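Going by our numbering, the first residue of the sequence shown is number 2, and it counts up by one from there. Glycine included, every Cβ here is placed at the ideal spot set by N, Cα and C. Only a predicted model underlies this, so the values are computations on that prediction, with no experimental measurement involved.
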Amino acid sequence: LARLWFLQIQSGSKYREKADNNRVRMLDIVAPRGNILDSEGRTIITNRPSFNIVWVKEDSPDPDEIIKKLSL
């Protein structure tokens, strides 16, 4: 019981901060391909950056603020 108290009450804010900082992950995925050219050397397919955002509304303290920030 003492350990449970220590983790939840004494150290709770530290672990809460660690959990909050663990929610955002940036992953660089390098595509191993290059441009695809037609028979005359013109580029028909090229690589471009793309981004995905996953948002769980129930986990957000202020959903309206998140929506406002994402709409910029």
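C-alpha distance - residue i paired with residue j, whole-angstrom precision
{"i": "I45", "j": "G35", "result": "11 angstroms"}
{"i": "N48", "j": "E41", "result": "19 angstroms"}
{"i": "K15", "j": "A3", "result": "18 angstroms"}
Whether residue i touches residue j by CB criterion (8 angstroms)
{"i": "S61", "j": "I67", "result": "yes"}
{"i": "P64", "j": "K58", "result": "yes"}
Sequence-distant residues of the same chain with beta carbon closer than 6 angstroms to residue i, five excluded per side
{"i": "F52", "result": "none"}
Residues near residue i by beta carbon distance below 7 angstroms, same chain, minus five either side
{"i": "L38", "result": "T44, I45"}
Cutoff 8 angstroms; reference residue i; Cβ partners in own chain excluding five residues on either side
{"i": "W56", "result": "I67, L71"}
Length-filtered (3 minimum) beta strand (DSSP E) runs lying within the stretch 11-69: 44-46
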